[in-house]
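Residues are numbered in the numbering used here as their position in the sequence shown, beginning at 1, plus a constant of 7. Glycine residues also receive a C-beta, built at the ideal position from the N, C-alpha and C atoms. Source: prediction; values computed, not measured.
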Amino acid sequence: MPTTLHFIDVGDGNMVLLELADGTRMLYDCNVTRDNELRVLGYLARVVGWGARIDIFVNSHRDADHMRGVKRVHALFPIQKVWDSGVTGTTPDSAEYRDYMELRRSVGFVEVQSLTRWEFGRSRVRVMNSKNDALPEDPNAQSIVMKLEHLYAPAQVPGSALLTGDSDAPSWRYFILEHYAKHDLSTEILLASHHGSLSFFDDPHDDHYYLKHLEAISPAVTIVSVGDNPHGHPESKALEFYEAKSRGSSRGTRLKRTDQDGTVKVVLNDDGGWSLWDRQ
């Protein structure tokens with residue numbers, strides 16, 4: 008069974024459904040709103056079936072656009088367990104925050120640690136970043152960064168995808184790149200951090216944009232999860248960097264945007280390689 012990722016079009020937010028090789032279902036972040044709930048929940052139903060369980064909800068960090076509507080998802084697709092970093096969010100008085108913390112208490116949770124990995128059949132999940140007192144006291148910097156690898160032959164490089172939450176340049180420069188070699192970071196599919204924000208490249212300790220992490224990742228295709236927003240996402244300079252540093256698919260595709268291409272589905276195949284579809 009392959010490893011499949013669904014980068015769901017949820018507007019200006021993030022939501023990735025992961026179907027792992029042993030049948031485990033993960034949901035990395037959530038952004039269900041009144042405007043998109045019929046489309047988003049309908050898509051989940053088409054993929055997993057109404058009432059099917061979500062084994063693990065991974066909250067990359069406690070910002071509203073990464074956990075909005077999780078209570079609604081849980082009502083229709085029962086969540087069995089929550090993973091998060093344990094880092095307090097910036098808006099603990101919001102309805103989204105209260106709903107998330109209620110779910111976290113009711114179903115149980117695991118505070119996942121950096122530099123750990125989990126095996127789900129042929130699917131390997133690496134947690135490359137999480138709570139870290141050495142990083143700025145900013146939930147974005149301490150986002151859970153996960154790499155998904157599909158292991159199909161011991162002698163070959165696994166198919167992979169990298170999920171970055173809202174992690175920023177210091178997360179990568181001062182922690183992730185200190186602990187992982189280039190071959191650990193290299194990936195086929197990259198979820199652009201923070202909806203295409205320049206914070207992924209902007210290190211406040213440096214006058215120049217930081218690019219070494221993107222050069223090490225060297226994705227084939229970068230996917231930007233974004234929609235209408237007041238923040239200027241995605242920023243044109245960030246898109247320029249992603250376009251320049253992505254290698255391209257067999258058809259030459261380097262960049263996908265959920266606001267333009269809809270939901271993007273990626274399959275990491277059992278026999279190697281990967282496939283990509285959009286407008287799901």
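Got a sec, what are the start and stop residues for the beta strand (DSSP E) residue i sits in?
i      : result
Leu34  : Arg32 to Tyr35
Asp91  : Val89 to Asp91
Leu142 : Looking at the DSSP string, Leu142 is not in any beta strand (DSSP E), and its letter there is neither H nor E.
Arg264 : Leu262 to Arg264
Tell me where the alpha helix (DSSP H) around residue i begins and ends.
i      : result
Val114 : Ala102 to Val114
What does residue i pair with, by DSSP beta-bridge criteria?
i      : result
Ser167 : Glu156
Ser282 : Val274
His13  : Leu24 and Lys272
Arg131 : Glu126 and Glu156
Glu118 : Asp91
Once you ignore the five residues that flank residue i on each side, which residues in its own chain have a CB closer than 7 angstroms to its CB?
i      : result
Ser253 : Pro226, Ala227, Val228, Thr229, Arg261 and Leu262
Ile224 : Leu169, Leu192, Ser193, Thr194 and Leu197
His186 : Leu122
Val132 : Arg124, Trp125, Met153 and Leu155
For residue i, which residues from the same chain have a beta carbon less than 6 angstroms from its beta carbon, with the 5 sequence-adjacent residues on both sides left out?
i      : result
Ile61  : Arg32, Leu34, Phe84 and Ile86
Phe64  : Leu34, Ile86 and Val89
Asn147 : Asp173 and Asp175
Trp284 : Lys272
Leu25  : Leu12 and Met33
Lys189 : Ala223
Ala245 : Gly203 and Leu205
Asp36  : Asn21, Met22, Ser67 and His73
By Cβ distance, which residues of its chain are closer than 8 angstroms to residue i, with the 5 residues on each side in sequence left out?
i      : result
Lys138 : Ser92, Gly93, Val94, Glu118, Gln120, Ser121 and Gln149
Gly234 : Asp16, Val17, Gly18, Asp19, Gly20, Thr265 and Asp266
Ala141 : Tyr181 and Phe182
Asp288 : Given a span of 8 to 287 for the chain in the structure shown, any question on residue 288 remains unanswerable.
Thr270 : His13, Phe14, Ile15, Asp16, Tyr50, Asp285, Arg286 and Gln287
Pull up the CB-CB distance for residue i and residue j, whole angstroms please, since I reckon it's below 8 angstroms.
i      : j      : result
His73  : Asn38  : 7 angstroms
Leu218 : Phe248 : 6 angstroms
Leu205 : Glu144 : Contact doesn't hold; Cβ gap of about 21 angstroms is too wide.
Asn66  : Tyr104 : With 8 angstroms as the limit, Asn66 and Tyr104 do not qualify as a contact, their Cβ atoms being about 11 angstroms apart.
Check whether the Cβ of residue i lies closer than 7 angstroms to any heavy atom of the ligand SAM, and answer yes or no.
i      : result
Val271 : Absent from the structure shown: the ligand SAM. Ligands present: none.
_Inside the segment 191-259 only - beta strand (DSSP E) runs reaching at least 3 residues_ = 196-198 and 228-231
*Run through the segment 27-91 for me and flag every whole alpha helix (DSSP H) of 4 or more residues, listed as ranges in chain order.*
44-55 and 77-83
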